[in-house]
Amino acid sequence: MRELREYLRPESIEEAVAIKRERGCDAVYLAGGTDVLVLKPRGVTTVIDIMAVDAAGVHQDGEAIVIGATALLCDIEQHPAVRTAVGGALRQAIRETGPWLIRNAATLAGNVCNASPSADSAAMLLTLDAELTLSDGAVVSLDRFFVGPHETVLTDELVKEIRLFPRGRLARFHKHARSKSDIALVNLAVSARAKDGALHDVRIALGSVAPTPIRARETERLLEGREIDAAVLRDVEASVRREIRPISDWRTSAEYRAHSAGLLVRRAVEGLLSDLERRSAEEGMDS
Amino acid sequence: MATDLQIVGSSQRKVDAAKLSTGRGTFTDDIFLPGLLYAKLLTSPHAHARIASIDTTPALDIPGVHAAISHRDVKRIPYTSAGQSWPEPSPYDQYILDNKVRFVGDYVAAVAAETPELAEEALERIRVEYQVLPPVLDMHDAMKPGAPTIHDEPESHGIFDVDRNLAAHIEVEVGNVHDGLEKAEVCTEADYFVQYQQHTCLEPHVTIAWLDEDGRLVLRTSTQIPYHCRRMVAFALDIPVRDVHVIKPRVGGGFGNKQEVVTEPLAAVLALKTRRPVKLEYSRREEFTIARMRHPQHLTMRLGARRDGSLTGVHMKVLTNTGAYGTHALTVTGNTGSKPLPLYRSPNIRFDADIVYTNLPISGAFRGYGAPQGFFALESAVDELAHELNLDPLEFRRANHIRKGDVDPVSAALAEGSAKKARVMRSNGLPECLDRGSAAIDWERKRRGGHPLVADEGPLVRGLGMCCLMQGSGVAGDELAAASIKMNEDASFTLHLGSADIGTGSDTTLGQIAAEILGVPLEKILVQSGDTDHVSFDYGAYASSTAYITGQCVLKAAEDARRQLADVAGRMLDEDPESLFFRDGKAASLRGRSVSLQEIIMECLYGEEKTLIMGRGTHATKESPPPFVAMFAEVEVDVELGTVRPIHVVTAIDIGKALNPAICEGQVEGAVTQALGYALTEEIVISPEGRVLNPSFMDYKIFCADDMPKLTTILVEDPEPTGPFGAKSVAEVAINGPAPAIANAVYDAVGVRLRSLPLTPDKVLRALGRM
Amino acid sequence: MIINLSINGARRQLETEVYETLLTALRRAGYTGAKRVCESGECGACAVIVDGRAVDSCILLAVQAAGREVVTVEGLAQGDHLTALQEAFAGNGAIQCGFCIPGMIVAAANYMKTNPNPSEEDVRHVFVGNLCRCTGYVKPVEAVMQAAAQQRSGNGD
């Protein structure tokens, strides 16, 4: 990044956004740097380090978990609300977003705004109805946030905080990769509310199978309130494969992505069902 | 030979461990030179093109740019970058800068500037016009009639057949394999495909070149071969050897990628041109594209046997892709045949190989040096044959493998070096390796047998696979090591070695040998190595030669010093020198009289004796005894997802003598891990235009700490009479095993044969018919 | 430009440029323990500790470290006295070429501050970001477990 001439570290979001508006596309926001300083975009003359703005920490706000823009992944994964949310699946997703050394510097907001199609956190967040509060006050649902590979609805705004709604859901997360230190071949999350021994409000999200992380809404509808047997699970596999648009690249073929996406969503739903059984048994024992 | 060893055979702490653990260990780039210039490379975007015109002068307009050179600024001398004995058996087909480019990433021009950023700017000013030529992008196309000629330049030599792009060709036969296969009652034939693998040494290639105060060229460089480097750079620049001084500091990994002069010649040219120190360091991207890689090959194995399980014929045919230049072209593929083929007794053995040029990345030396490819094919084929014959693969191997006392018939015909002599197996611990290894993996109980899956089985299925391996210890008849050891006033010894410790711990192992002979603790041996002005001659770190060859030479040098000590001590004690033994820092007689080494040296330097204690030794040999391995792998296959997860790899290895057990284990553990990547995840992927698509650690996947299966290493010692304290080599042989062991384990688990590396989920599912 | 910060407990100044990484600035100032390997945050060989957290210095701008406390591998040992962790690495054959070692030791030392009782899985998980091509990670993981046990029993630093 040898064209870089200016490093600024504003202490408020308003200041940061004002600078960005003024400098335009010669300026980039810098949070943890684990994407920007790896990608090293050409032509950038100004870096706006946002880590001093007032958007830190993780806290519970009613039923929401609120994650500030400058909260580090390593702190987020340790927070009690995150550790226990959805049976540990959220924590797992954050831990698989990158190695420990990266999580000590990276932010969740940064990971989301980088908008990689294979962003590991995104699939999990989509199943928890994540909402982004922007610097201009607007609230954007995560499933409307991604526009294309590395493209979001943002122009000059910053994400101020991310709100998640675990709501006592059951959830499973899975990242399928060649190695524990790789970008996903396919990643996915499923979550659902347990009620009367069935799954409701099912959410299914996948990454690396489309230009952005996506929800598989048709497949979700397939499962809503149903009695789920082997035939339904086979339909789930096929439905997922219809909803995604994977590409072939040198990591693997589109065919394999489709095959494994369907299979792994089916296995995740089976996982939810066994979580459901366990929870019903526990509740049965309590009553 | 001493039966109770004090130093050799124990896991002594490495002599460089303390400084490496504190970050004080100095590697090539850990020094600062005033006036240092940074070199950068302009490389070709085309796989095959002539440089029609090139103008580097606009780069010199930038203040702070001291040099910008192209082929027009360099003497045109064909050379090979392969670090081997002289005359090198590789084609002389490289030029420091050339007027033609032969792969994407080939050198076009180079600059040297006061900062890396200025150097980058300078590159952008260089004007080049290419005349693009049709490329050869598949090794199967290289020899076809009408294929473009990649090395059409008249000055190159040592190429087997220029018009057919054939860098080298090998044909070797023992007996008559055609007849042998005719006689067979069962035959198997299959094709195997192995990929480009990259070494990913953590330390990239880096050379800092400067002129010292006498005008001599100094190369401080990350190399495995300081002396070969000195000779080869002198040759390529047409300057006398005496004007070149090579310094090898700590090296951050070599694995064969630094058994070449990759960055040295160009760094030297720039230093001579600018009269300033110049650093040429490959970026990680350049490591993945323009450094060297393992030769991809297409192998065909034919085996013939009788129903009783005895072999009648073994035929290996290989097509090798040596890439744009023929560095190590002949010798790597020579090893593909010579290392595996003697493993099983057969009266008829044949090896045919064509090594072709392509407009693809340069293949070169990589740990195993052709043997991993050969063993993947042979051990997969043998496994298949055993199953064909309804024999336990372990029992088949036990019945057929080469025995102690046997002669290796292939070695006579296929010697890699200049000596053509048949190898005799004077030591062979393979039977014990088979026993102990199979027990450790629980072979009898855990094998599944390769039967088709039944309906209620899966998706997770486990299986066991195995292989046997052998390698060599140095290049038979083509190695020379020298060492000298001088005594200091505090009864310590300075050991001068030309060998190159590249992380293998050879400084430590060789120091242990000297310490043992002289009867002192390892701390009393100061090991100095790798500086061509100050230490003795050695071919360097390759072919698993250092412990076996340099080790024997250190033994001789230490014994020489001990004889000198004994002579003086004999006079001081009035005893027969031959009767003295050296232990605990003393020379002692059987009668109990002794004198300390400290007293001896003071007497030598300052007393009546007025003499030095300085031992010398050299060693060369026509022997190259193989270490033997029995390797066993357990895998878990997910038949729906196609993944192959390694659970446990057991390596039982006969190394003759474990000079330092922890170091020996470490060598095995590292080699196995590199080969797990070769088997399962590593592959340099190339675009249809010849460009590497995955030139980063994120995209090219080596095993990380959390991917690892359990590793069990069993050190077996069947003493080798020709080795120092009975030792053979350890550095390479284990890297040959995981690929066939895992492929065979997959067969045991799910009944399908996978013959192309790496074993990706795509391939597994297609083989299972599930995709 | 000059930035002020603390390095290994002492107040220091680093000469740097805006576009320079902390890795480059530290190495030029003589802290050559951190290594340049991938320059993209994938291998951990450049790891240093910034304000108590081990991070890859190749993807940090030097200016981001202004006013902060940086600890490099050189700052872990006290003179010639190695830490228990360094002793464990040096003593059990965990070091081969040594290029990945400063990064591993920095990462492990920092991790053990928050988790003095790691399981082997914990250590392997932490080391995902520390690539090694020589050892297969076997002895390095053992060294961390050994050092952690020693520290817990009070024998370590």
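As given, the protein sequences belong to chains A, B and C, one line each in that order.
Quick note: the first sequence uses this note's numbering, first residue 1, plus one each step.
Quick note: the second sequence uses this note's numbering, first residue 1001, plus one each step.
Quick note: the third sequence uses this note's numbering, first residue 2001, plus one each step.
Yeah, the Cβ is synthetic: ideal placement off N, Cα and C, and Gly gets one too.
Looking at chain C, is there any beta carbon in it that lies within less than 7 Å of the beta carbon of residue i?
{"i": "Leu-1497(B)", "result": "no"}
{"i": "Leu-4(A)", "result": "yes"}
{"i": "Pro-211(A)", "result": "no"}
{"i": "Pro-99(A)", "result": "yes"}
{"i": "Cys-1704(B)", "result": "yes"}
{"i": "Ala-1783(B)", "result": "This structure cannot settle anything about residue 1783(B), because the visible part of chain B is limited to 1001 through 1771."}
{"i": "Glu-1669(B)", "result": "yes"}
{"i": "Ala-194(A)", "result": "no"}
{"i": "Gly-1723(B)", "result": "no"}
{"i": "Tyr-7(A)", "result": "yes"}
{"i": "Leu-199(A)", "result": "no"}
{"i": "Leu-37(A)", "result": "yes"}
{"i": "Pro-1761(B)", "result": "no"}
If we define contact as Cβ-Cβ less than 7 Å, is residue i a contact residue for chain B?
{"i": "Thr-34(A)", "result": "no"}
{"i": "Tyr-2111(C)", "result": "no"}
{"i": "Ile-2095(C)", "result": "yes"}
{"i": "Gly-2098(C)", "result": "yes"}
{"i": "Gln-2013(C)", "result": "no"}
{"i": "Asp-182(A)", "result": "yes"}
{"i": "Gly-2154(C)", "result": "no"}
{"i": "Ser-248(A)", "result": "no"}
Does chain A have any CB closer than 7 Å to the CB of residue i?
{"i": "Lys-1701(B)", "result": "yes"}
{"i": "Val-1637(B)", "result": "no"}
{"i": "Leu-1944(C)", "result": "With chain C covering 2001 to 2157 only, the question about residue 1944(C) has no answer from this structure."}
{"i": "Glu-1416(B)", "result": "Only weak support exists for where Glu-1416(B) lies, its pLDDT of 47 falling under 50; the value from the coordinates is given anyway. No, Glu-1416(B) does not count as interfacial toward chain A."}
{"i": "Val-1685(B)", "result": "yes"}
{"i": "Val-2158(C)", "result": "Look at the range of chain C in this structure, 2001 to 2157, and you will see that residue 2158(C) is not part of it."}
{"i": "Val-2144(C)", "result": "no"}
For my contact list, residue i and residue j are in at a C-beta cut-off of 8 Å; report their separation, rounded to the angstrom.
{"i": "Thr-1043(B)", "j": "Tyr-1107(B)", "result": "6 Å"}
{"i": "Ser-191(A)", "j": "Arg-169(A)", "result": "5 Å"}
{"i": "Leu-1693(B)", "j": "Pro-1646(B)", "result": "Leu-1693(B) to Pro-1646(B), Cβ: 26 Å. No contact."}
{"i": "Leu-2005(C)", "j": "Arg-2068(C)", "result": "6 Å"}
{"i": "Ser-974(B)", "j": "His-1496(B)", "result": "A question about residue 974(B) goes unanswered here, because the residues of chain B that appear run from 1001 up to 1771."}
{"i": "Ser-1624(B)", "j": "Gly-1474(B)", "result": "5 Å"}
Ranges of the beta strand (DSSP E) found wholly within the stretch 35-101 of chain A, counting only runs of at least 3:
46-49, 58-61 and 64-68
Does the pairing of the stretch 1196-1213 of chain B with the stretch 1337-1350 of chain B give three or more beta-carbon distances under 8 Å?
no
Mind listing, in chain order, the continuous beta strand (DSSP E) runs of no fewer than 3 residues lying wholly within the stretch 2053-2084 of chain C?
2053-2056 and 2069-2071
At a Cβ cut of 7 Å, what residues of the stretch 2020-2032 of chain C count as close to chain A, listed as they run along the chain?
none
Can you give me, in chain order, the residues of the stretch 2028-2057 of chain C that have a beta carbon less than 7 Å from any beta carbon in chain A?
Ser-2040, Gly-2041, Gly-2044, Ala-2047, Arg-2053, Ala-2054, Val-2055 and Asp-2056
List, from N- to C-terminal side, the beta strand (DSSP E) runs of 3 residues or more that fit wholly inside the stretch 1062-1137 of chain B.
1065-1069, 1107-1113 and 1127-1132
What residues from the stretch 102-130 of chain A come within 9 Å of chain B, judged by C-beta to C-beta, listed N to C?
none
Along the stretch 49-76 of chain A, where does the CB come closer than 9 Å to a CB of chain C? Name the residues.
Asp-49, Met-51, Leu-72 and Cys-74
Using Cβ-Cβ distances below 9 Å, what residues of the stretch 252-265 of chain A are close to chain E?
Annotation note: the requested chain E is absent from the structure, which comprises protein chains A, B and C.
Check distances from the C-beta atoms of the stretch 2116-2127 of chain C to those of chain A and list, in chain order, the residues that come in under 7 Å.
His-2125 and Val-2126
Enumerated in chain order, which unbroken segments of the beta strand (DSSP E) with a length of 3 residues or greater are wholly contained in the stretch 1567-1652 of chain B?
1581-1583, 1586-1588, 1594-1596, 1614-1619 and 1628-1638
Any C-beta of chain A within less than 7 Å: which residues of the stretch 1111-1129 of chain B qualify?
Glu-1117 and Glu-1120
Relative to chain A, which residues along the stretch 1638-1658 of chain B have a C-beta separation below 7 Å, given in chain order?
Glu-1640 and Leu-1641
Below 8 Å, how does it come out for the stretch 1399-1406 of chain B and the stretch 1447-1455 of chain B: are there three or more Cβ pairs, yes or no?
no
Suppose only complete runs of 4+ residues qualify. What are the alpha helix (DSSP H) ranges in the stretch 1440-1470 of chain B, listed by chain order?
1443-1446
Is there contact between the stretch 1520-1533 of chain B and the stretch 1703-1718 of chain B, where contact requires at least three CB pairs shorter than 8 Å?
no
Under 8 Å, with one C-beta from each stretch per pair, do the stretch 1073-1090 of chain B and the stretch 1004-1013 of chain B reach the 3-pair mark?
no
Counting pairs of Cβ atoms below 8 Å between the stretch 1473-1487 of chain B and the stretch 1544-1559 of chain B, do you hit three or more?
yes
Start-end ranges of the alpha helix (DSSP H) lying completely within the stretch 1339-1425 of chain B, minimum 4 residues
1371-1388, 1393-1400 and 1409-1413
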